[in-house]
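For the record, the sequence lines run as chains A and B.
The opening residue of the first sequence carries number 1 in the working numbering; numbering runs sequentially from there.
The opening residue of the second sequence carries number 1 in the working numbering; numbering runs sequentially from there.
Each residue gets a CB set at the ideal place from its N, CA and C atoms; glycine is no exception.
Quantities reported herein were computed from a predicted structural model and do not represent experimental measurements.
There are 2 protein chains.
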Amino acid sequence: MSDLSQFVIPRGFRFGAVKAGLKQSGRTDFALIVADTPASAAAAFTGNRVKAAPLLIDAEHLRATGGKVRVVAINAGNANCAAGQPGIDAARATCKAAAETFACKPEEVFPSSTGVIGVPLPAEKLIAALPELAKSIGSQSDHFQQLAEAILTTDTVEKTAFARIEVSTPEIDGPGEIRQEVRIAAVCKGSGMIHPQLVPHATMLVYILTDAAIEPTVLGAYLRGAIDLSFNRISVDGDTSTNDTVLLLASGASGAAIGSGKTEFAMALAQVCTSLARQIVADGEGVSHVVELRIKGAASDADALRVAKAIAHSPLVKTAWAGCDPNWGRLMAAVGYSGALIDPEAIDISFGELPICRNGGRAAAYDENAAHAYIQQPEFSIAIHLHQGSGSCTFWTTDLTHEYIRINADYTT
Amino acid sequence: MSDLSQFVIPRGFRFGAVKAGLKQSGRTDFALIVADTPASAAAAFTGNRVKAAPLLIDAEHLRATGGKVRVVAINAGNANCAAGQPGIDAARATCKAAAETFACKPEEVFPSSTGVIGVPLPAEKLIAALPELAKSIGSQSDHFQQLAEAILTTDTVEKTAFARIEVSTPEIDGPGEIRQEVRIAAVCKGSGMIHPQLVPHATMLVYILTDAAIEPTVLGAYLRGAIDLSFNRISVDGDTSTNDTVLLLASGASGAAIGSGKTEFAMALAQVCTSLARQIVADGEGVSHVVELRIKGAASDADALRVAKAIAHSPLVKTAWAGCDPNWGRLMAAVGYSGALIDPEAIDISFGELPICRNGGRAAAYDENAAHAYIQQPEFSIAIHLHQGSGSCTFWTTDLTHEYIRINADYTT
């Protein structure tokens with residue numbers, strides 16, 4: 001992260017991370033985001049019916065405070081999921097300790113966990129690390145970087161995105177307008193068990209911070225809009241996690257108040273979320289190809305998404321990509337079982353600009369060598385036109401490689 | 001196949017296979033089943049909306065004949081799918097040539113294809129091979145074995161199953177009953193792209209033959225019943241093929257007439273189909289573990305199936321099995337996103353007889369070493385009790401291994 005990033009860290013927040021001893025690797029594994037004053041908050045959680053203990057407590061806390069958060073307490077190395085009452089107790093104990101450290105209510109603490117499922121979280125390790133962590137937090141880019149590192153699990157790189165916009169707000173004591181800078185900074189982790197189905201949708205953990213002043217309900221609407229174009233449009237392995245969380249906090253420290261329907265803010269937020277979503281896919285477990293699916297001409301947007309997901313979840317399609325095999329028949333099969341309304345004889349497939357399939361059969365101009373060369377690229381685009389209507393979607397996914405198997409089949413206990 | 005199998009080959013059929021030059025390996029790739037007289041027929045085809053040309057023609061032919069088949073013409077090495085009008089023309093030309101060879105109507109020919117999608121079928125190769133094939137057919141077990149070999153693609157073993165029952169039928173001119181032997185013989189292929197969703201559901205190709213005399217509509221009801229307990233309860237990779245076909249033929253050559261609701265026949269048919277379904281899973285591409293899922297206590301049978309399928313399609317669960325990793329948290333996650341009605345705190349998981357998870361958390365008696373040892377076995381059973389109702393299902397699936405990736409990612413053109 002260059003020094004320039006200092007100018008895009010939203011005002012009103014501090015960050016930090018320490019080693020609490022949860023990661024076997026011995027890396028930092030416990031991080032905090034601390035708002036100077038209670039920040040407006042909007043969150044989205046996994047659609048999985050098995051939800052980790054911190055998500056249950058997060059939802060309860062947001063209801064209790066009407067959408068206000070002072071402290072986000074994030075651990076990696078343990079998902080605190082399927083751990084029964086001890087898991088709930090561990091999350092509550094962490095919130096209580098953090099609330100004492102920062103002189104706020106326990107309900108103003110937002111716990112997050114990622115890592116192995118089914119092993120009780122050792123809250124005592126987090127609590128013991130809190131004093132050191134509280135001393136180390138700060139508002140600089142290197143503090144933000146510490147946060148970005150500590151929340152990683154099988155990820156290989158940190159994932160951050162930034163935006164800065166200027167918004168016009170009415171002058172308080174006059175007829176004019178004043179221009180104010182609003183910053184957005186976002187950080188996330190996620191590499192495997194990636195098929196977020198967020199409700200309104202992520203073990204993807206995403207934290208988005210802004211220094212705009214936005215009411216929680218308005219903030220929620222912005223968040224849902226951005227998620228639908230980003231995190232709900234990616235899949236690495238089709239496994240929807242029990243811990244997926246997206247949290248958007250607005251500190252108000254810029255002094256710029258933003259109401260509903262502010263296009264510049266919505267666009268900047270969507271841009272930041274899409275950047276993170278693509279970074280997650282690019283860092284997917286064992287990924288050697290990132291694939292952009294552009295589905296067009298579907299009977300509805302929902303149908304377009306069905307087609308994209310069927311392709312993104314097909315082991316046969318994903319292994320063909322891993323082998324740079326332009327086997328488009330596997331794409332046709334996935335389109336066919338997607339559940340979307342289709343006419344098999346009205347399907348066109350292109351790899352980038354290369355015609356592959358026209359009217360459901362091999363394109364006259366099909367060039368296997370060119371198709372093979374095209375999908376040897378680390379990132380490529382596949383367009384499928386169904387000719388059924390005007391439904392469409394763009395979706396990002398990955399291949400399925402030997403390395404994915406190695407990462408997930410290695411039994412090391 | 002031992003000589004004993006001669007006693008279980010249904011009377012009224014002949015079989016054979018030749019090398020038509022479709023398989024790159026140079027093995028036999030074109031097989032026939034020929035009924036001495038038109039056999040009663042019932043069939044089920046893939047639920048994929050992209051259907052191969054032979055399936056479209058099969059459905060048309062069965063309608064035209066009211067469910068009668070003289071010749072089944074099966075090629076491996078080319079799926080004749082997504083090949084447009086040339087694909088349809090190729091299938092029709094094959095039917096016409098077979099009809100001429102065996103002096104029947106083209107509508108009494110049932111074509112089947114399996115292999116690569118998107119490449120036009122070279123019907124001329126099949127037609128050129130017909131005379132030699134017609135000469136070689138016979139009714140012995142070695143002829144049946146030739147059929148079983150010729151239809152294979154990525155399969156590593158032939159898959160056959162046999163049953164023999166005695167049925168009582170009223171004496172025609174008297175008050176007594178006579179006991180008559182009815183034979184069932186079945187053969188199939190299938191290894192990858194296996195998640196049959198047959199409608200009333202399979203590139204699984206299954207041919208079941210009996211010498212009972214059964215009307216086509218009654219035969220259809222028997223077939224649907226057997227499929228729901230067998231082929232619709234397996235998945236290797238979750239990819240539903242464009243070519244899946246199950247065909248049940250009844251020659252009547254035993255002289256035993258079977259009407260609807262004959263339990264012995266239904267049970268024998270289900271037993272044969274379940275045997276084949278399990279053989280397909282055991283020969284799944286790259287499989288190192290076959291897993292039986294026993295879902296109990298679901299709100300409905302449909303919910304039980306949702307849970308089984310979510311688990312069977314989870315790359316994270318399947319890679320854990322490949323690594324003999326007893327990571328039950330991945331099972332919990334899959335149960336959670338299955339869409340089934342669940343209470344996360346009322347889920348019990350057992351590996352065989354070993355308690356793994358109780359009430360949604362790690363079982364008190366959980367023994368990781370024992371769990372690890374248990375799933376090192378090539379075949380094992382996982383039971384999940386949801387405590388929501390009386391819905392249940394048994395489902396067979398596989399792990400996801402390096403070998404699956406090798407088989408499907410190798411680009412050899």
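Determine, for residue i, whether the minimum Cβ-Cβ distance to residues of chain A falls below 8 Å.
i	result
B/Pro344	yes
B/Asp142	no
B/Ile382	no
B/Asp473	Chain B is shown from 1 up to 413; residue 473 of chain B falls before or after that span and cannot be answered.
B/Arg362	yes
B/Pro200	A caution first: B/Pro200 carries a pLDDT of 42, below 50, which makes its placement in the model too unreliable to give a value.
B/Ile405	yes
B/Val116	yes
B/Asp237	yes
B/Ser25	no
B/Asn78	no
B/Thr245	no
B/Ser241	yes
B/Leu400	yes
DSSP beta-bridge partners for residue i?
i	result
B/Glu292	B/Ser381 and B/Trp396
A/Cys357	A/Ile349 and A/Arg362
A/Ser113	A/Asn75
B/Ala97	The partner list for B/Ala97 (beta bridge, DSSP) is empty, contrary to what the question assumes.
B/Ser241	None, per the DSSP bridge assignment.
A/Gly286	For A/Gly286, which the question treats as bridged, DSSP gives no partner whatsoever.
A/Phe162	A/Ala185
A/Ala298	A/Gly391
A/Ile234	A/Trp396
A/Ala257	A/Ala213
Please report whether the beta-carbon of residue i lies at a distance below 8 Å from any beta-carbon of chain B.
i	result
A/Gly323	yes
A/Trp396	no
A/Pro111	no
A/Ile234	no
A/His289	no
A/Ile10	According to the sequence provided, residue 10 of chain A is Pro. The question's Ile does not apply to it. False, the Cβ-Cβ gap to chain B never drops below 8 Å.
A/Pro378	no
A/Asp155	no
A/Asp123	A quick correction: the sequence has Ala, not Asp, at residue 123 of chain A. So, not an interface residue.
A/Asp29	no
A/Pro355	no
A/Gly192	yes
Can you tell me whether residue i is helix, strand or coil according to DSSP?
i	result
B/Lys68	strand
A/Lys105	coil
B/Ala53	helix
A/Thr156	coil
B/Ser252	Going by the sequence as given, residue 252 of chain B is Gly instead of Ser. Coil, per DSSP.
A/Leu247	strand
B/Ile74	strand
B/Ile88	helix
B/Ala59	helix
A/Pro120	coil
A/Val8	helix
So the alpha helix (DSSP H) residue i belongs to, where does it begin and stop?
i	result
B/Ile407	His402 to Ala409
A/Ser40	It is not in any alpha helix (DSSP H) - A/Ser40 instead sits in the beta strand (DSSP E) that spans Phe30 to Thr46.
B/Ile127	Ala123 to Ser136
B/Ala270	Thr263 to Ala282
A/Pro315	Pro315 to Ala322
A/Thr24	Correcting the residue identity first, residue 24 of chain A is Gln in this sequence and not Thr. It is not in any alpha helix (DSSP H) - A/Gln24 carries neither H nor E in the DSSP assignment.
A/Ile311	Asp301 to Ala312
A/Ser141	Ser141 to Ala150
B/His387	No alpha helix (DSSP H) holds B/His387; DSSP gives it neither H nor E.
A/Arg330	Trp328 to Tyr337
A/Asn369	Glu368 to Tyr374
Could you please give the first and the last residue of the uninterrupted beta strand (DSSP E) stretch that includes residue i?
i	result
B/Gly16	Phe13 to Val18
Exercise. Could you give the uninterrupted runs of the beta strand (DSSP E) lying entirely in the stretch 164 to 228 of chain A, keeping only those of 3 residues or more?
Worked result: Within the stretch 164 to 228 of chain A, the complete beta strand (DSSP E) runs of at least 3 residues are 177 to 189 and 205 to 210.
Problem set entry | chain E contacts from the stretch 37 to 64 of chain A (Cβ-Cβ distance under 9 Å) | Going by chain labels, chain E is absent from the structure shown, which instead holds the protein chains A and B.
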